[in-house]
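Notes follow the structure.
Protein chains: 2
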Amino acid sequence: MSYSIGKVAELAGVTVRTLHHYDEIGLLSPSDRTSTGYRRYDDADLERLQQIRYYRELEFSLEEIAAILDDPKADATSHLRRQHQLLTERITRLEKMVNAIEFAMEATKVGIKLTPQERFEVWGDFDPDQYAEEAEQRWGDTDAYQESVRKTSQYTKEDWLRIKEQSEDWGRRIVAVMDSGAAADSPEAMELAEEHRQHISQWYYECSYEIQTGLAEMYLADERFMATYEAIKPGLTVFLHDAIMANAVARS
Amino acid sequence: MSYSIGKVAELAGVTVRTLHHYDEIGLLSPSDRTSTGYRRYDDADLERLQQIRYYRELEFSLEEIAAILDDPKADATSHLRRQHQLLTERITRLEKMVNAIEFAMEATKVGIKLTPQERFEVWGDFDPDQYAEEAEQRWGDTDAYQESVRKTSQYTKEDWLRIKEQSEDWGRRIVAVMDSGAAADSPEAMELAEEHRQHISQWYYECSYEIQTGLAEMYLADERFMATYEAIKPGLTVFLHDAIMANAVARS
DNA sequence: TTCCAGCCTCCCGTTACGTGAGAGTCAAGT
DNA sequence: ACTTGACTCTCACGTAACGGGAGGCTGGAA
Numbered sequence: 001m002s003y004s005i006g007k008v009a010e011l012a013g014v015t016v017r018t019l020h021h022y023d024e025i026g027l028l029s030p031s032d033r034t035s036t037g038y039r040r041y042d043d044a045d046l047e048r049l050q051q052i053r054y055y056r057e058l059e060f061s062l063e064e065i066a067a068i069l070d071d072p073k074a075d076a077t078s079h080l081r082r083q084h085q086l087l088t089e090r091i092t093r094l095e096k097m098v099n100a101i102e103f104a105m106e107a108t109k110v111g112i113k114l115t116p117q118e119r120f121e122v123w124g125d126f127d128p129d130q131y132a133e134e135a136e137q138r139w140g141d142t143d144a145y146q147e148s149v150r151k152t153s154q155y156t157k158e159d160w161l162r163i164k165e166q167s168e169d170w171g172r173r174i175v176a177v178m179d180s181g182a183a184a185d186s187p188e189a190m191e192l193a194e195e196h197r198q199h200i201s202q203w204y205y206e207c208s209y210e211i212q213t214g215l216a217e218m219y220l221a222d223e224r225f226m227a228t229y230e231a232i233k234p235g236l237t238v239f240l241h242d243a244i245m246a247n248a249v250a251r252s
Numbered sequence: 253m254s255y256s257i258g259k260v261a262e263l264a265g266v267t268v269r270t271l272h273h274y275d276e277i278g279l280l281s282p283s284d285r286t287s288t289g290y291r292r293y294d295d296a297d298l299e300r301l302q303q304i305r306y307y308r309e310l311e312f313s314l315e316e317i318a319a320i321l322d323d324p325k326a327d328a329t330s331h332l333r334r335q336h337q338l339l340t341e342r343i344t345r346l347e348k349m350v351n352a353i354e355f356a357m358e359a360t361k362v363g364i365k366l367t368p369q370e371r372f373e374v375w376g377d378f379d380p381d382q383y384a385e386e387a388e389q390r391w392g393d394t395d396a397y398q399e400s401v402r403k404t405s406q407y408t409k410e411d412w413l414r415i416k417e418q419s420e421d422w423g424r425r426i427v428a429v430m431d432s433g434a435a436a437d438s439p440e441a442m443e444l445a446e447e448h449r450q451h452i453s454q455w456y457y458e459c460s461y462e463i464q465t466g467l468a469e470m471y472l473a474d475e476r477f478m479a480t481y482e483a484i485k486p487g488l489t490v491f492l493h494d495a496i497m498a499n500a501v502a503r504s
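Protein chains in written order, with our numbering: chain R, 1 to 252; chain W, 253 to 504.
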C-alpha cells in the first residue's frame with residue numbers, strides 16, 4: 001500500500017509544500033516514485049513522518065530531528081519513550097502557566113499588582129522555593145487558595161460585577177463607621193469585619209476566623225494590599241485589622 | 253520603578269534582540285528612554301510583554317498579537333480568560349498526544365502496525381467517532397485498555413524482556429500441542445488458553461473470561477492480530493480461538 | 001581615569017516553510 | 001478519443017521572527 005503526496009499531507013495534517021521541503025533537505029524522501037515522477041509514500045515513510053511531527057511539536061529543529069532519527073543507536077520504541085517524557089514535561093509547564101494565569105486573574109480582581117517575578121515565573125529561571133514561600137505568606141493557606149481558584153474560574157461577568165458592587169458597598173459602610181468616630185472594637189465595626197469574612201467565604205473560599213486574622217496580619221505586612229485599602233481611606237488598613245481581631249476574639 | 257532592557261530580558265526569559273525586534277515593529281516600545289537613548293521599561297510595559305509571551309506560547313503571530321492587544325474592546329482580564337481557555341485546550345491536545353504515544357508503544361509491543369489514521373489522529377481532522385469505535389472494537393473494553401496503558405507505562409526494559417520471553421515460551425508450547433494433533437478442546441490446549449488469560453491479567457489488565465472470548469473473536473476479525481499468530485504457525489489463530497472458547501465454557 | 005559590562009544602531013544570515021508560475025498527469029465523464 | 005478539473009512536478013522568489021555580529025557610545029565601580 002502506498003500513498004500520494006496529497007493523501008499523506010491530508011492524513012498528517014501538513015501541506016504538500018512541507019513534504020516537498022522535507023524531501024528537498026533529505027529529511028523524508030518518499031521510498032518510491034512513479035514513472036512520471038510522482039512521489040509515493042509507504043508505511044515506513046509514514047512512520048518516519050509521524051516521528052517528525054511529534055518532534056516538531058516539541059520544537060526540535062529539522063536538523064536536530066534528522067540527527068535523532070538517523071541515529072542507529074535509537075529504535076522506534078526509544079523515540080516514543082523520549083517523546084512521551086518530553087510531552088509530559090511540556091504538559092506540566094503548561095499547567096504551571098494555567099496556574100499563573102489564574103493567579104494573575106485573582107490578583108487583578110483584588111486589585112493588587114504582580115511583581116515582575118510573578119509575571120514571568122514560567123519562563124524565568126529563579127528560585128522556585130522563593131515563590132512558594134511568597135504565595136504561602138500571601139494566602140496564609142494554600143488549600144484556601146486552591147479552592148478560591150477553583151470557585152472563581154466558574155464565575156461569569158455578572159458574578160464579578162455583583163462581587164465588585166458588594167465589596168464597594170461594604171467599603172463605603174466601613175468608611176462611614178470610621179468617619180463616625182466609632183472604635184475598631186465597636187459593634188458596628190465588628191459587624192463589618194464579620195461581613196468581610198462572610199464575603200470571602202461566599203465568593204472565594206471558606207474563611208475561618210483563624211484565616212481571617214491571618215489575612216488581617218497580611219494586610220499590614222503586604223504593601224500591595226495596604227495600598228489598596230489606604231487608597232480608600234487612610235488608616236483603614238489598621239482599622240480593619242483591629243476590627244477583625246476584636247471580632248475574632250469575641251466570636252470564638 | 254523602571255527596568256533596563258537587559259533586566260527585562262532576563263526577567264521574561266527572552267533575548268535583548270527580541271525586545272529590539274518588538275520595538276522595531278512597534279509591538280512593544282518602551283514607555284521611556286534615557287537622555288542617552290537607553291530603553292526604559294515600566295510596569296505597564298511588563299504587563300504587555302507578559303501578554304505577548306503568553307500569546308506567543310500559544311503560537312499567535314506577532315501581527316495577530318498586536319491586533320489583539322490593541323483592541324480597545326478587550327481588557328486585561330479578558331485576555332487572561334482567553335489565554336486560560338486556549339491553554340487548557342492545548343493541554344488537552346497534548347494529553348491526547350501522550351495517549352496516542354502510549355497506544356503506539358502498546359502496538360509495537362504486540363507487534364501490530366498502526367493505521368495511517370491512528371498515526372496522525374492528533375493532527376488530522378477525520379471523524380473522531382470512527383476512531384473511538386475502532387479502539388473499542390480492538391480492545392473490547394475501554395477500561396481494560398486504560399488499565400493496560402497505566403500498568404505498562406511503568407515497566408522497565410527488563411520487564412519487557414521477561415514478558416517477551418514468557419510469551420515466546422507459551423507460543424512454542426501451543427505450537428507443540430497443535431503439532432501433537434490434540435484438539436482445541438483438549439485439556440492441554442485449554443490449559444494453554446488459561447495461561448494466555450493469566451498472562452494478560454498479570455502484565456496488562458484484569459482479563460475475565462468474557463474479555464478473553466472477546467479477544468478470541470477479535471483475533472479472527474482483525475487481520476493485524478491474525479497476521480501475528482499466523483506467522484507463528486498457520487491455523488494457530490483458529491486453534492487458539494477454539495481453545496479459549498472451550499476453556500471459557502468449561503471454567504464458568 | 002580607567003575599565004569592562006551593558007547598551008545603541010545598522011545590517012546581513014537563517015529556518016521552515018508560503019506562494020505563485022508554468023507545465024505535465026490522471027481519472028472520470030461524454 | 002477528447003475534454004476537463006483536480007493533482008502533481010520543478011524552479012524560484014517572499015516572509016516571519018528573530019540570531020549574530022560590527023563598530024561605537026555609556027555608566028558605575030575601582
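Even for Gly, the Cβ is constructed at its ideal location relative to N, Cα and C.
Every value quoted in this text rests on a predicted model; they were computed, and no experiment measured them.
Item: Proximity of W/S283 and W/A296 at Cβ, strictly below 8 Å; Value: yes
Item: Residue burial classification, R/P187 (beta-carbon count within 10 angstroms, cutoff 16); Value: exposed
Item: Those runs of the beta strand (DSSP E) which lie wholly inside the region 6-38 of chain R and span at least 3 residues; Value: none
Item: Residue(s) in a DSSP beta bridge with R/Y3; Value: R/Y41
Item: Neighbourhood of W/R342 by C-beta, 8 Å cutoff - its chain only, sequence neighbours within 5 removed; Value: L310
Item: Contact belief for W/M442 with W/A502 at Cβ below 8 Å, rounded distance in angstroms; Value: 6 Å
Item: Cut-off 6 Å between Cβ atoms - residues of its own chain near W/D437, not counting five sequence neighbours on either side; Value: A498
Item: Exposed unless 16 or more other CB atoms sit within 10 angstroms - verdict on W/V362; Value: exposed
Item: DSSP three-state assignment for W/G433, whether helix, strand or coil; Value: coil
Item: Span of the alpha helix (DSSP H) around R/W123; Value: Premise fails: R/W123 is in no alpha helix (DSSP H) and is neither H nor E.
Item: R/I101 at chain W interface by Cβ criterion, 8 Å; Value: yes
Item: Meets three-Cβ-pair contact criterion under 8 Å: the region 98-115 of chain R and the region 328-342 of chain W; Value: yes
Item: Start and end residues, alpha helix (DSSP H) containing W/F491; Value: L488 to R503
Item: 8 Å Cβ cut-off: residues of chain R touching W/V226; Value: With chain W covering only 253 through 504, there is no way to say anything about residue 226 of chain W.
Item: Sequence-distant residues of its chain with Cβ nearer than 7 Å to W/A352 (five each side left out); Value: E373 and V374
Item: The region 80-91 of chain R: positions lying closer than 9 Å to chain W by Cβ; Value: L80, R81, Q83, H84, L87, T88, R90 and I91
Item: R/V98: contacting residues in chain W (beta-carbon distance under 8 Å); Value: H336, L339, T340 and I343
Item: Identity of the residue in W/Q450, W/I364, W/D275 and W/T288 nearest W/I304 by Cα; Value: W/D275
Item: Proximity below 8 Å, CB of W/I257 to CB of W/V268; Value: yes
Item: Cβ neighbour criterion (16 or more within 10 Å) applied to R/R197; Value: buried
Item: Min CB distance R/P72 to chain W below 8 Å; Value: no
Item: Cut-off 6 Å between Cβ atoms - residues of its own chain near W/Y307, not counting five sequence neighbours on either side; Value: I317
Item: DSSP three-state assignment for R/I112, whether helix, strand or coil; Value: coil
Item: Neighbour flag for R/R17 against chain W, beta carbons, 8 Å; Value: no
Item: Cβ-Cβ distance between R/L27 and R/L62 below 8 Å; Value: yes
Item: Status (buried if at least 16 other CB within 10 Å, exposed otherwise) for R/Q253; Value: Only positions 1 to 252 of chain R appear in the structure, and residue 253 of chain R is not among them; the question remains open.
Item: Test: R/T108 CB closer than 8 Å to a CB of chain W; Value: yes
Item: CB contact below 8 Å: W/R390 versus chain R; Value: With a pLDDT of 44 at W/R390, under the threshold of 50, the predicted position of this residue should be treated as unreliable, and no value is reported.
Item: Range covered by the alpha helix (DSSP H) that runs through W/A319; Value: L314 to L321
Item: Neighbourhood of R/T29 by C-beta distance below 7 Å, restricted to the same chain and skipping five residues each side; Value: Here residue 29 of chain R is Ser; the residue named in the question, Thr, does not match the sequence. Closer than 7 Å at the Cβ level, and outside the excluded window around R/S29, lie D23.
Item: Reduced DSSP category for W/S419 - H, G, I as helix; E, B as strand; rest coil; Value: helix
Item: Partner residues on chain R for W/A328, Cβ-Cβ distance less than 8 Å; Value: T108
Item: With 16 other Cβ atoms within 10 Å as the buried cut-off, status of W/P368; Value: buried
Item: Pairwise C-alpha distance: R/A67 and R/S35; Value: 31 Å
Item: Environment of R/W139 [buried if 16+ CB atoms lie within 10 Å]; Value: Reliability of the predicted coordinates at R/W139 is poor, the pLDDT of 43 falling under 50, and the value obtained from them is presented with this limitation in mind. Classification for R/W139: buried.
Item: Short CB-CB distance (under 8 Å) between W/R305 and chain R; Value: yes
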